[in-house]
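Down below is the structure, laid out as structure tokens.
In full-length UniProt numbering, the protein residues as written are 1 to 371.
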């Protein structure tokens with residue numbers, strides 16, 4: 001029994017857990033749209049056939065029953081099309097999923113009913129065959145639904161044919177053909193469903209790759225902070241928001257003191273480790289909605305939206321105190337910070353002014369904050 005459960009869940013288990021609900025919604029949203037179109041086409045065809053029989057076959061024996069079934073078929077198709085449209089519009093995917101399965105079952109049952117009713121006029125099962133293939137071609141659901149639905153409909157078909165069709169030889173070959181066709185339909189349904197799974201997995205893979213590329217384009221490879229280009233765009237956007245809202249915006253430029261000596265004395269591996277440690281310290285001390293970037297070399301930018309210089313200064317003090325704890329044994333790492341607030345006077349030279357302020361801190365003795 002365990003292998004059967006594994007087999008039935010195989011397709012869905014290929015999709016990562018975090019994407020399974022998304023896949024279901026995608027699948028049944030697509031099925032809903034296709035079913036709506038199918039129901040409208042079927043309703044139009046059945047209505048044309050109904051009118052033709054009403055005008056040209058009205059005197060034929062048993063035609064009234066066939067016409068009644070066609071009208072019922074049209075009404076059900078229109079009702080299901082409306083329900084699917086309603087559920088799709090309001091994104092009621094869980095209900096929509098049930099409606100799609102029920103609609104598929106109902107369509108096949110009505111196709112069988114049409115086929116059985118037509119036996120009074122002609123020995124033909126083409127309506128049933130078309131329903132099997134059209135539903136398989138249009139609807140993407142797991143093959144296990146097709147096995148259940150088609151098995152129930154086949155039993156109805158086989159019993160009905162023995163009752164309404166007097167030609168026993170035709171009944172026997174119709175049932176044999178129906179068995180073969182149902183097996184083929186289930187195989188095709190599984191192939192098409194797995195194709196959908198493959199396409200969805202490829203879409204996830206491409207989206208993940210795009211996200212990775214976007215992240216790499218926006219972030220510094222060593223510290224995982226925003227890079228020069230990204231922070232420049234963020235600063236411009238935040239400047240505009242600050243001006244529009246008349247809110248505060250502060251910018252700090254931090255430069256590691258004597259960083260070249262660290263590289264020369266301990267090597268670039270240690271220098272890289274210092275940069276990563278400083279980046280981590282900054283991220284741990286700033287607020288969640290502050291922006292931190294490695295601007296270049298050993299220089300870091302911290303953008304503080306919505307705070308005053310005094311408030312930003314408190315955060316910068318914490319950062320410098322923590323920075324002193326990193327670095328090689330026996331060595332104290334220090335940093336110099338230039339901190340300014342955005343004003344109309346420095347609006348166009350915001351970063352340059354912050355950078356100049358940082359150099360005042362370095363030239364004034366380093367290991368300090370100048371604002």
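C-beta: ideal position from N, C-alpha, C; glycine also. For clarity, every value in this text was computed on a predicted model and none was experimentally measured.
Is the separation between the beta-carbon of residue i and that of residue j shorter than 8 Å?
i: residue 77; j: residue 117; result: no
i: residue 252; j: residue 192; result: no
i: residue 84; j: residue 196; result: no
i: residue 141; j: residue 31; result: yes
i: residue 314; j: residue 286; result: no
i: residue 128; j: residue 115; result: yes
i: residue 260; j: residue 342; result: no
i: residue 218; j: residue 226; result: yes
i: residue 164; j: residue 119; result: yes
i: residue 71; j: residue 99; result: no
i: residue 323; j: residue 248; result: no
i: residue 74; j: residue 47; result: yes
i: residue 272; j: residue 210; result: no
i: residue 317; j: residue 262; result: no
With a cut-off of 8 Å on the beta carbons, I'd call residue i and residue j a contact; round off their distance for me.
i: residue 337; j: residue 254; result: 5 Å
i: residue 182; j: residue 104; result: Actually they do not touch by this definition, with Cβ atoms about 14 Å apart.
i: residue 300; j: residue 269; result: That belief does not hold up - the Cβ atoms of residue 300 and residue 269 are roughly 20 Å apart, past 8 Å.
i: residue 158; j: residue 184; result: In fact, because the Cβ distance is near 17 Å, the residues do not count as touching under 8 Å.
i: residue 282; j: residue 326; result: Their Cβ separation, rounded to whole angstroms, is 11 Å, which puts residue 282 and residue 326 out of contact at 8 Å.
i: residue 312; j: residue 230; result: 21 Å between Cβ atoms; not a contact.
i: residue 122; j: residue 160; result: Not confirmed; about 15 Å, so no contact.
i: residue 309; j: residue 371; result: 5 Å
i: residue 88; j: residue 29; result: 6 Å
i: residue 303; j: residue 234; result: 7 Å
i: residue 143; j: residue 186; result: 5 Å
Report the rounded CA-to-CA distance for residue i versus residue j, giving the unit in angstroms.
i: residue 257; j: residue 275; result: 12 Å
i: residue 82; j: residue 109; result: 20 Å
i: residue 38; j: residue 147; result: 21 Å
i: residue 17; j: residue 24; result: 12 Å
i: residue 361; j: residue 22; result: 53 Å
i: residue 150; j: residue 208; result: 38 Å
i: residue 12; j: residue 213; result: A caution first: residue 12 carries a pLDDT of 49, below 50, which makes its placement in the model unreliable, though a value can still be read off. The straight-line gap from Cα to Cα measures roughly 28 Å.
i: residue 34; j: residue 139; result: 7 Å
i: residue 3; j: residue 201; result: Residue placement at residue 3 is poorly supported in this model, since its pLDDT is 40, which falls under 50; the coordinates still yield a value, given next. Approximately 24 Å, taken between the alpha carbons.
i: residue 354; j: residue 206; result: 40 Å
i: residue 6; j: residue 328; result: Residue placement at residue 6 cannot be trusted, given a pLDDT of 44 that sits under 50; the coordinates are not used to answer.
i: residue 288; j: residue 203; result: 31 Å
i: residue 50; j: residue 107; result: 17 Å
i: residue 171; j: residue 177; result: 10 Å
i: residue 345; j: residue 284; result: 32 Å
i: residue 188; j: residue 102; result: 20 Å
i: residue 194; j: residue 264; result: 58 Å
i: residue 350; j: residue 216; result: 26 Å
i: residue 241; j: residue 305; result: 9 Å
i: residue 366; j: residue 347; result: 26 Å
i: residue 65; j: residue 15; result: 48 Å
i: residue 167; j: residue 126; result: 17 Å
i: residue 359; j: residue 199; result: 55 Å
i: residue 400; j: residue 153; result: Outside the shown range of the chain, which is 1 to 371, sits residue 400, and nothing can be said about it.
i: residue 19; j: residue 243; result: 41 Å
i: residue 67; j: residue 45; result: 13 Å
i: residue 162; j: residue 134; result: 25 Å
i: residue 145; j: residue 224; result: 47 Å
i: residue 220; j: residue 91; result: 40 Å
i: residue 173; j: residue 130; result: 17 Å
i: residue 266; j: residue 250; result: 35 Å
i: residue 356; j: residue 363; result: 10 Å
Per DSSP, which one or two residues make a beta bridge with residue i?
i: residue 25; result: Answer is none; residue 25 lacks a bridge partner.
i: residue 328; result: Bridge partners of residue 328: none, in fact.
i: residue 293; result: 226 and 301
i: residue 336; result: 255
i: residue 369; result: 337
i: residue 268; result: Paired residues: none, contrary to the question.
i: residue 219; result: 226
Run the proximity test for residue i: is its beta-carbon closer than 7 Å to any non-hydrogen atom belonging to the ligand FMN?
i: residue 304; result: Among the components modelled here there is no ligand, and therefore nothing to report on the ligand FMN.
At which residue ranges does the stretch 41 to 115 contain complete alpha helix (DSSP H) runs of 4 or more residues, listed in the order of the chain? Secondary structure within the stretch 41 to 115: the alpha helix (DSSP H) runs of 4 or more consecutive residues, fully enclosed, are 63 to 89 (chain order).
Ranges of the beta strand (DSSP E) found wholly within the stretch 227 to 253, counting only runs of at least 3: Qualifying beta strand (DSSP E) stretches: none in this window.
Start-end ranges of the alpha helix (DSSP H) lying completely within the stretch 115 to 175, minimum 4 residues: Taken in chain order, the unbroken stretches of alpha helix (DSSP H) that lie wholly in the stretch 115 to 175 and span 4 residues or more are 126 to 138 and 143 to 164.
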